[in-house]
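Chains as they are written, first to last, in the UniProt record's numbering: chain A, 1 to 225; chain B, 1 to 487.
Don't be surprised by glycine CBs; every beta carbon is placed ideally from N, CA and C.
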Amino acid sequence: MNIEQLDFYTQAILSMAALIGLTSFLMLGQGRLLRLIFGFAMQGFLLTVTTALAAYSLNNHHLYISAVLTLVLKVIFIPWMLRREVLRMNMHRDIEALKNNTAVMLGGASLMVFSYYVLHPIVQSSSVVMLNALAVSLSVMLLGMLLMISHRQAIAHVVGFMSIENGLFFAAVVATNGMPMVVELGVAFDVLVAAVLFGIFFLHIRTSIDSLDVDLLNKLHEVDK
Amino acid sequence: MIAAYLVLLIPLVGIVFFALSGHKENTGKLNVQFNAVCLLATIWLAINVLNQGTIVSSGKAFLVDPFNVYLIVLTAFVGLTTSIFSSPYMEHEKEIGKLNDKRLKLYHSMYQGFMLAMYLVLTTNNMGIMWVAMEGATLATVLLVSLYRSPESIEAAWKYFILCGVGIAQALFGTILLYYAAVQIGDGENALLWSVLYENAVKLNPEILEIGFVFLLIGYGTKIGLVPLHNWLPDAHSEGPTPMSAVLSGLLLNDALYAVVRNKMLVDGATHSNMAGYLMMGFGLLSFLVAAILLHRQKDIKRLFSYSSIEHMGLMTFSFGIGGALATFAALLHMTVHSLTKSAIFVTVGHASQLAGTQKIDQIRGLIKTQPEIGWGLLIGTIAIAGFPPFGVFTSEFLVLLATMHSYPWLTLPLLVGIGIAFAGLFRHIQPMVYGEKPKDQQPITANLWPVMIHLALVLWLGLAIPGFLGNWFSQATLLISGSTPL
Chain A
1 MNIEQLDFYT QAILSMAALI GLTSFLMLGQ GRLLRLIFGF AMQGFLLTVT TALAAYSLNN
61 HHLYISAVLT LVLKVIFIPW MLRREVLRMN MHRDIEALKN NTAVMLGGAS LMVFSYYVLH
121 PIVQSSSVVM LNALAVSLSV MLLGMLLMIS HRQAIAHVVG FMSIENGLFF AAVVATNGMP
181 MVVELGVAFD VLVAAVLFGI FFLHIRTSID SLDVDLLNKL HEVDK
Chain B
1 MIAAYLVLLI PLVGIVFFAL SGHKENTGKL NVQFNAVCLL ATIWLAINVL NQGTIVSSGK
61 AFLVDPFNVY LIVLTAFVGL TTSIFSSPYM EHEKEIGKLN DKRLKLYHSM YQGFMLAMYL
121 VLTTNNMGIM WVAMEGATLA TVLLVSLYRS PESIEAAWKY FILCGVGIAQ ALFGTILLYY
181 AAVQIGDGEN ALLWSVLYEN AVKLNPEILE IGFVFLLIGY GTKIGLVPLH NWLPDAHSEG
241 PTPMSAVLSG LLLNDALYAV VRNKMLVDGA THSNMAGYLM MGFGLLSFLV AAILLHRQKD
301 IKRLFSYSSI EHMGLMTFSF GIGGALATFA ALLHMTVHSL TKSAIFVTVG HASQLAGTQK
361 IDQIRGLIKT QPEIGWGLLI GTIAIAGFPP FGVFTSEFLV LLATMHSYPW LTLPLLVGIG
421 IAFAGLFRHI QPMVYGEKPK DQQPITANLW PVMIHLALVL WLGLAIPGFL GNWFSQATLL
481 ISGSTPL
């Protein structure tokens, strides 16, 4: 693959993939909740730009709708909701001490290599660019899961959860120029409902354990202790 | 096709109606009526399919064929009987102060929401919408798992939400890969339609579909409760209200398996190898054995039967994985009888735990002495689910064993051992509960056991003789899935 010979759109997609992958790593190592939410909003914004770019270059109008949906949901609504929650719980000064930060970051890097390994057979039937795009989206998903495993705050879990959705969305936009419109609207609806439910859950968890630290949710065991 | 639209429209009206009307005295009964009307609509749909064969709606948005139509009727039937049980049960929960009107309003509205999501998973022709509906089913039930608002139930609901949400995201990635393979052979907007994909399955890129199926199996497998993705299931089943456990076990797990099998049909067409089948066999057998062993260690009666659900779902997944006419037939039959038996058991368990005032196995004692119908209901239900003749579960498990002996003789041994372990695990807990000495102040409660009796009678009937039209139906579905018929 010679980068200079690719058209402008493909080059832009490759840089976007790299930037989105980078934001995932930024979130993974972040102990401050507000920064974490900011990283998530940034990822959402990059995704919006990618979608709008795809809509413009491919002259595909329904992708503009997806871009607007992403902007409203992932850049404005969900970060706003999470930020409000953090401020209300007075958690914005806390720095979560992440255990084994180095190991987690190295784990993240190996997940990225793993994604390339898993998706490598795709090269036989399509371009290297597609491999990059799909591998980055898969690794954004896996990094989202790692984020959920390594952080203890419920808010970080929601960020990880939504970042997994970002990875999926990137794959859908880049590899297939967006899913059919009904499906995309359906997925956006699900994300919206999930975000609202998370808001309700924060309230319930707070009233039940007076904290949003999910390590305290430890009443159910496989066997009685 | 009008019948299919009605099936979707009725629960939709139900959601709005219950959300607006609030909880009144007759809300439980209205819920029963909504489900009853829906059952009638599904029967009408089934008769249409019986006369005309596969129906595809005009815009190709919906597809009803012999495989999903019987699941639609089963869904409506279990939905109806569970709502009959739920009406007095939830009133009782309200009387003892565990619930209030506002939460009951949420409960009834979301009951219909869950039914809508289930019907949509089954009827849709679009693999993307299938995913949306499956996620919708999680979203509808997550607040019902935490309906009691106890710390345990909130923990269970959070676990359910996060694990199923993350799990099912994998299925969306699989669906995107499927779509990616489909757009390569053209037809953009229609490329995710199952009927279109199925016709062109041979042309789809096998490498992409193989990778995609791994994600689809993990994603929907989380919902089926396959080990090691099962952790949410016992928690969600044990902490939510009992009618919810009955529909989750009886319907949601089946529908997730349905989604996997639909995708497997596409992958098989493209790859010409049994890769998908081997994956399903491996995960299925692992779930079956692990759940059978874990049955022994349970202290909570609802957790006990959730592990039994994992065990049976594992067996079905395994059986679909073997492929071939006999195994597929057995799996379809097992889906039906398990769903009927398990929802009956959860209904009985609900009464038993209301009677004893607890879900702890150690403290539920003397059911037959206090209230014989509940005790016998639980005992007969357990006998049926453990796979004793003459019940239907015996027939289907026997067929699974036969198919295994035919294709992979050496796997018969772990299956037989697993069935033995599961049997022992269930009975060591059930025996003292039904026969033990009755605690002093234990009083009978008002219980409606008609749903249980009807379900168990049907399972018995299916064990003794499968009626001709149903057998014919299963054969048609088997023909569709495996390409040959067992009869």
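Coarse secondary structure for residue i, derived from DSSP in three states
{"i": "residue 63 of chain B", "result": "strand"}
{"i": "residue 132 of chain A", "result": "helix"}
{"i": "residue 33 of chain A", "result": "helix"}
{"i": "residue 485 of chain B", "result": "coil"}
{"i": "residue 33 of chain B", "result": "helix"}
{"i": "residue 185 of chain B", "result": "coil"}
{"i": "residue 441 of chain B", "result": "coil"}
{"i": "residue 68 of chain B", "result": "helix"}
{"i": "residue 123 of chain B", "result": "helix"}
{"i": "residue 227 of chain B", "result": "coil"}
{"i": "residue 298 of chain B", "result": "coil"}
{"i": "residue 362 of chain B", "result": "helix"}
{"i": "residue 55 of chain B", "result": "strand"}
Contact check, residue i vs residue j, beta carbons under 8 angstroms
{"i": "residue 400 of chain B", "j": "residue 319 of chain B", "result": "yes"}
{"i": "residue 186 of chain A", "j": "residue 7 of chain B", "result": "no"}
{"i": "residue 156 of chain A", "j": "residue 34 of chain A", "result": "no"}
{"i": "residue 301 of chain B", "j": "residue 374 of chain B", "result": "no"}
{"i": "residue 391 of chain B", "j": "residue 463 of chain B", "result": "yes"}
{"i": "residue 381 of chain B", "j": "residue 336 of chain B", "result": "no"}
{"i": "residue 196 of chain A", "j": "residue 73 of chain A", "result": "no"}
{"i": "residue 163 of chain B", "j": "residue 231 of chain B", "result": "yes"}
{"i": "residue 285 of chain B", "j": "residue 414 of chain B", "result": "yes"}
{"i": "residue 386 of chain B", "j": "residue 456 of chain B", "result": "no"}
{"i": "residue 150 of chain A", "j": "residue 98 of chain A", "result": "yes"}
{"i": "residue 102 of chain A", "j": "residue 71 of chain A", "result": "no"}
{"i": "residue 75 of chain B", "j": "residue 118 of chain B", "result": "yes"}
{"i": "residue 133 of chain A", "j": "residue 172 of chain A", "result": "no"}
{"i": "residue 123 of chain B", "j": "residue 48 of chain B", "result": "no"}
{"i": "residue 129 of chain A", "j": "residue 13 of chain A", "result": "yes"}
{"i": "residue 247 of chain B", "j": "residue 224 of chain B", "result": "no"}
{"i": "residue 379 of chain B", "j": "residue 445 of chain B", "result": "no"}
{"i": "residue 243 of chain B", "j": "residue 89 of chain B", "result": "yes"}
Contacting residues, own chain, Cβ-Cβ under 6 angstroms from residue i (five flanking each side not counted)
{"i": "residue 204 of chain B", "result": "181, 270"}
{"i": "residue 79 of chain B", "result": "35, 115"}
{"i": "residue 170 of chain B", "result": "215, 218, 219"}
{"i": "residue 359 of chain B", "result": "300, 301, 302, 353"}
{"i": "residue 31 of chain A", "result": "95, 96, 98"}
{"i": "residue 298 of chain B", "result": "304"}
{"i": "residue 137 of chain A", "result": "167, 170, 171"}
Cβ distance (whole Å) where residue i is taken to contact residue j below 8 angstroms
{"i": "residue 142 of chain B", "j": "residue 161 of chain A", "result": "About 13 angstroms; that fails the 8 angstroms criterion."}
{"i": "residue 167 of chain A", "j": "residue 141 of chain A", "result": "4 angstroms"}
{"i": "residue 264 of chain B", "j": "residue 276 of chain B", "result": "5 angstroms"}
{"i": "residue 143 of chain A", "j": "residue 28 of chain A", "result": "6 angstroms"}
{"i": "residue 73 of chain B", "j": "residue 46 of chain B", "result": "5 angstroms"}
{"i": "residue 198 of chain B", "j": "residue 266 of chain B", "result": "6 angstroms"}
{"i": "residue 24 of chain A", "j": "residue 163 of chain A", "result": "7 angstroms"}
{"i": "residue 131 of chain A", "j": "residue 119 of chain A", "result": "6 angstroms"}
{"i": "residue 340 of chain B", "j": "residue 458 of chain B", "result": "6 angstroms"}
{"i": "residue 156 of chain B", "j": "residue 239 of chain B", "result": "4 angstroms"}
{"i": "residue 220 of chain A", "j": "residue 152 of chain B", "result": "6 angstroms"}
{"i": "residue 218 of chain A", "j": "residue 63 of chain A", "result": "About 44 angstroms; that fails the 8 angstroms criterion."}
{"i": "residue 41 of chain B", "j": "residue 3 of chain B", "result": "5 angstroms"}
Other residues of its chain near residue i: CB distance less than 7 angstroms, five sequence neighbours each side excluded
{"i": "residue 68 of chain A", "result": "none"}
{"i": "residue 41 of chain A", "result": "75, 79"}
{"i": "residue 485 of chain B", "result": "325, 475, 478, 479"}
{"i": "residue 425 of chain B", "result": "292, 295, 296"}
{"i": "residue 268 of chain B", "result": "276"}
Near the ligand GTP: residue i beta-carbon under 7 angstroms from a heavy atom
{"i": "residue 198 of chain B", "result": "What this structure holds is no ligand at all, so the ligand GTP is not there to describe."}
Same chain only: Cβ atoms within 8 angstroms of residue i, ignoring 5 sequence neighbours per side
{"i": "residue 215 of chain A", "result": "152"}
{"i": "residue 86 of chain A", "result": "33, 34, 37, 92, 155"}
{"i": "residue 202 of chain B", "result": "269, 270"}
Legend entry - Secondary structure, alpha helix (DSSP H): runs of 4+ residues fully inside the segment 367–399 of chain B: 367–370, 372–385
Inset, instruction - Starting from the N-terminal side, write out each stretch of the alpha helix (DSSP H) that is 4 residues or longer and does not extend beyond the segment 81–116 of chain B. - result: none
Inset, instruction - Could you name each continuous beta strand (DSSP E) segment of 3 residues or more that falls completely within the segment 32–95 of chain A, going from the start of the chain to the end? - result: none
Legend entry - Runs of beta strand (DSSP E) wholly within the segment 128–186 of chain B (minimum 3 residues, chain order): none
Inset, instruction - With a floor of 4 residues, list each alpha helix (DSSP H) that falls wholly inside the segment 400–443 of chain B, ordered by position along the chain. - result: 412–435
Inset, instruction - Ignoring anything shorter than 4 residues or poking outside the segment 152–219 of chain A, list the alpha helix (DSSP H) runs there in chain order. - result: 154–176, 181–209
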